Amino acid sequence: MDRHEVRNALMKAGISPDAFELAGVHEHVPLPPDFWFLRRSADGRWEIGAYERGVYDVRQTFDTEEDACGGLWHALTGRPVPS
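The working numbering puts the first residue of the sequence shown at 8, with every later residue one more than the last.
Okay, here's the thing in structure tokens:
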């Protein structure tokens, strides 16, 4: 699953579009007060975490976009990644 696929899957699952941000695919202007994010880190890995009151809190780091998308899916739905 890539960023485009996880966006579509999350929205199909009924997750509010305001609940998450995917770098380069699904971004907010202006920023809501809190949401989950998926972005590329400075070292080229992938991060997921929570943004709250102006602070990005990285919760997990992954080597691949696919693994990060799966991590975000699980964080937001509590379910295994769809196959």
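Built from N, CA and C at the ideal position, the CB exists for glycine as well. Quantities reported herein were computed from a predicted structural model and do not represent experimental measurements.
Status (buried if at least 16 other CB within 10 Å, exposed otherwise) for residue i
| i | result |
| --- | --- |
| Leu-38 | exposed |
| Glu-54 | buried |
Straight-line gap, residue i to residue j (C-alpha atoms, nearest Å)
| i | j | result |
| --- | --- | --- |
| Asp-41 | Thr-71 | 25 Å |
| Gly-78 | Gly-85 | 10 Å |
| Val-36 | His-81 | 25 Å |
| Val-65 | Asp-74 | 15 Å |
| Leu-45 | Cys-76 | 7 Å |
| Glu-28 | Gly-56 | 10 Å |
| Thr-68 | Val-62 | 17 Å |
| Gly-51 | Gly-21 | 30 Å |
Cβ shell of residue i (< 8 Å), same chain only, five flanking positions each side left out
| i | result |
| --- | --- |
| Val-32 | Arg-10, His-11 and Arg-14 |
| Arg-60 | Pro-40 and Asp-41 |
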